[in-house]
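Undergrad:
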Amino acid sequence: MKKRKQNDLLLFFGGLAMLVAGLYWFMSKVTVTNHFIGGNFRLGGFSVSSGLIVVPFIASVIWLFIRPDSFLPKVCVVLSIILILAAVIINTSIYLQPTSLYEYLLMLIFIFGGGAMVLKVLFNPKYKD
Numbered sequence: 061m062k063k064r065k066q067n068d069l070l071l072f073f074g075g076l077a078m079l080v081a082g083l084y085w086f087m088s089k090v091t092v093t094n095h096f097i098g099g100n101f102r103l104g105g106f107s108v109s110s111g112l113i114v115v116p117f118i119a120s121v122i123w124l125f126i127r128p129d130s131f132l133p134k135v136c137v138v139l140s141i142i143l144i145l146a147a148v149i150i151n152t153s154i155y156l157q158p159t160s161l162y163e164y165l166l167m168l169i170f171i172f173g174g175g176a177m178v179l180k181v182l183f184n185p186k187y188k189d
């Protein structure tokens, strides 16, 4: 029996279509919420109100305008921005909406099956230099 030759371009685009469809289907079933405004940010053992997170940023921006040639206010502005981003990320919650097991398994088959098909073509040894 003769082995059938595979069409790598068809395999790649079919896998890419499966991967995109599976990721879209999965992302449409996910709910993302954020409690940054009105919530509390835990910093070590202290609970800090989310509104107080921006106080170091405001102070460092004022300090930056007073002494624009100094290095320390610039560092404080960067650290304040990192602190604000960390607070937003920590207060973000991701929930999967209720789905049937059948739907969930189909999503996973589309995502990982499509990804495997794409990777099979991308890492095919016959295309190496």
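To convert a position in the sequence shown, counted from 1, into our numbering, add 60.
Backbone N, C-alpha and C fix where the C-beta goes; we use that ideal spot for every residue, glycine too.
Note that this is a predicted model, so its numbers are computed, not measured.
How many angstroms separate the CA atom of Phe125 from the CA atom of Phe131?
TA: 12 angstroms
Undergrad: Would you report the Cα separation of Phe120 and Met78, rounded to the nearest angstrom?
TA: The identity of residue 120 in the sequence shown is Ser, whereas the question assumes Phe. Approximately 49 angstroms between the Cα atoms of the pair.
Undergrad: Give the list of continuous beta strand (DSSP E) stretches no shorter than 3 residues that lie fully inside the stretch 103–153.
TA: 106–109
Undergrad: Distance, Cα to Cα, Met167 vs Gly111?
TA: 39 angstroms
Undergrad: Does the pairing of the stretch 70–88 with the stretch 168–182 give three or more beta-carbon distances under 8 angstroms?
TA: yes
Undergrad: Our contact map puts Tyr164 next to Thr91 with C-beta atoms below 8 angstroms; I'd like the distance itself, whole angstroms only.
TA: No, Tyr164 and Thr91 are not in contact; Cβ-Cβ is about 15 angstroms, not under 8 angstroms.
Undergrad: Sort out for me which residues DSSP pairs Ser156 with in a bridge.
TA: With the sequence shown as reference, residue 156 is identified as Leu, and Ser is not the correct amino acid for it. Answer is Val90, bridged to Leu156.
Undergrad: Look up Phe170 in the DSSP assignment and say whether it is helix, strand or coil.
TA: helix
Undergrad: My output table needs one value for Phe73: the three-state DSSP class, helix, strand or coil.
TA: helix
Undergrad: State buried or exposed for Ile171, treating a residue as buried only when at least 16 other CB atoms are found within 10 Å of its CB.
TA: buried
Undergrad: Spatial neighbours of Asp68 within its chain, please: C-beta separation below 6 angstroms, excluding the five flanking residues on both sides.
TA: Val181
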